[in-house]
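A.B. asks: Be aware that the sequence shown starts at 1, since it is given in UniProt numbering, and climbs by one per residue.
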Amino acid sequence: DFLALRLVNGSECAGRLEVFYNGTWGTICSNRMSQLTALTVCKHLNCGDEGEIAEDFKYGRGSGPTWLDHIECTEQHSSLWQCQSDPWDPHSCDNRAEETHISCTGRKEATSPATFAKCPNSTSCSDREKLRVIGGEDECSGRVEIWHQGSWGTICDDAWDVADANVVCRQLGCGSAVSALSEAAFGEGTGPIWLEKVHCKGTELSLWDCPAKHLFGKNCDHKEDAAVNCSERSSALGHLIPFLFLLHFHSVPPRRPAPESTRLSTPVILCIILATVLCLVLAILAGQIRRARAQQR
Numbered sequence: 001d002f003l004a005l006r007l008v009n010g011s012e013c014a015g016r017l018e019v020f021y022n023g024t025w026g027t028i029c030s031n032r033m034s035q036l037t038a039l040t041v042c043k044h045l046n047c048g049d050e051g052e053i054a055e056d057f058k059y060g061r062g063s064g065p066t067w068l069d070h071i072e073c074t075e076q077h078s079s080l081w082q083c084q085s086d087p088w089d090p091h092s093c094d095n096r097a098e099e100t101h102i103s104c105t106g107r108k109e110a111t112s113p114a115t116f117a118k119c120p121n122s123t124s125c126s127d128r129e130k131l132r133v134i135g136g137e138d139e140c141s142g143r144v145e146i147w148h149q150g151s152w153g154t155i156c157d158d159a160w161d162v163a164d165a166n167v168v169c170r171q172l173g174c175g176s177a178v179s180a181l182s183e184a185a186f187g188e189g190t191g192p193i194w195l196e197k198v199h200c201k202g203t204e205l206s207l208w209d210c211p212a213k214h215l216f217g218k219n220c221d222h223k224e225d226a227a228v229n230c231s232e233r234s235s236a237l238g239h240l241i242p243f244l245f246l247l248h249f250h251s252v253p254p255r256r257p258a259p260e261s262t263r264l265s266t267p268v269i270l271c272i273i274l275a276t277v278l279c280l281v282l283a284i285l286a287g288q289i290r291r292a293r294a295q296q297r
């Protein structure tokens, strides 16, 4: 499951801070945590633009793992997932007295319910609707983005390969992958980076079926956004020849036979059709080469 964040044993915007990771809710340690980090938590939860770390521990002690410690946010961070921290560890705190309690106040941002919906356009959606590619020439090439917790985010290119790209292309209805691109080949994204180290076999029906690591901290930044280039446009050529034959034999109205000297024979017609197809293929290949050279630069 993806990461989630909550405040418990108080109200929606005050309580003991917990994070959902590896299928289990656990607490977060307060060592080195600043008021700025508390404020980032409040903004993340849409609980106001002010927050403070509660010192009286009135929200009780947790019972699950203590997942994280030494979280440090800056003013540039709008989500806790973007902040730096120690690695995930179910025993991050030395004792329960180090657990984080936060109280949020201040003005909440005016947002529509859809802003924090589970899906881009409704309260429930398919895996296909939670996946998109951005920055390419069409809907079948570009930077890979996934929808989670009310916002679109990118995928880190660590371990990103053609098997992963194949799953994305197939899920988008764009055929197979021509290439799996890295280092923000279609430009850097904004917002959170939701995943890293995706390990698909290539046969999965959905990206959500692939093992992956949920990114937390600064292990990756947007200059490492993963991207794909799918074969949809190339596969469309498979329908081109039948289309041209139909166009020739069905779109021309009946007419009287032409004199033998001006009538085109079947081999000549086939040569014209094949020459047209060849020109289209060469034009597409030239476009692919130009784009590959631009990405290398």
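For each residue, glycine too, the CB sits at the ideal point set by N, CA and C. For clarity, every value in this text was computed on a predicted model and none was experimentally measured.
1. Residue 11 bridges to which residues according to DSSP?
2. Contact defined as beta carbons within less than 8 Å: I believe residue 144 pairs with residue 162. What is the distance between those atoms, to the nearest angstrom?
3. Whose C-beta lies closer than 8 Å to the C-beta of residue 286 among residues of the same chain, with five residues either side of it excluded?
4. Can you look up residue 223 in the DSSP assignment and give me helix, strand or coil?
5. To which residues of the same chain is residue 152 closer than 6 Å at the C-beta, ignoring the five residues directly before and after it?
6. Taking the alpha-carbon positions, what's the residue 231 to residue 174 distance?
7. Can you grab the Cα-Cα spacing for the pair residue 115 / residue 65, in whole Å?
8. Give the secondary structure of residue 110 by DSSP, where H, G and I count as helix, E and B as strand, and everything else as coil.
9. Go to residue 144, then tell me how far its alpha helix (DSSP H) extends in each direction, as first and last residue.
10. Helix, strand or coil for residue 153? Go by DSSP, reduced to three states.
11. Suppose the cutoff is 7 Å on Cβ atoms and the five residues either side in sequence are ignored; what does the same chain contact list for residue 79 look like?
12. In terms of DSSP beta bridges, what is residue 196 paired with?
13. Quick check: residue 141 and residue 9, are their CB atoms within less than 7 Å of each other?
14. Go to residue 27, then tell me how far its beta strand (DSSP E) extends in each direction, as first and last residue.
15. With C-beta atoms as the reference, is residue 36 less than 7 Å away from residue 13?
16. By Cβ distance, which residues of its chain are closer than 6 Å to residue 25, with the 5 residues on each side in sequence left out?
17. Nearest chain D C-beta to residue 38 closer than 7 Å, yes or no?
18. State the beta-bridge partners of residue 101 as determined by DSSP.
19. In angstroms, rounded to a whole number, what distance separates the CA positions of residue 85 and residue 209?
C.D. replies: The short version:
1. Beta-bridge analysis with DSSP links residue 11 to 14.
2. Residue 144 to residue 162, Cβ: 13 Å. No contact.
3. none
4. helix
5. If we look at residue 152 and ignore the five residues flanking it on each side, its Cβ neighbours are 145.
6. 6 Å
7. Low confidence applies to residue 115: its pLDDT is 34, below 50, so where it sits in the model is not reliable enough to give any reading.
8. Bear in mind that the predicted position of residue 110 carries a pLDDT of just 42, short of 50, making it unreliable; the figure below should be weighed with that in mind. In the structure shown, residue 110 sits in coil (DSSP, three-state: anything other than H, G, I, E or B).
9. It is not in any alpha helix (DSSP H) - residue 144 instead sits in the beta strand (DSSP E) that spans 141–148.
10. Note: residue 153 maps to strand in three-state DSSP.
11. 44, 192
12. In DSSP, residue 196 forms a bridge with 213.
13. no
14. 24–28
15. Not closer than 7 Å, so no.
16. 18, 64
17. Among the protein chains of the structure shown there is no chain D, as only one such chain exists.
18. 16
19. 27 Å
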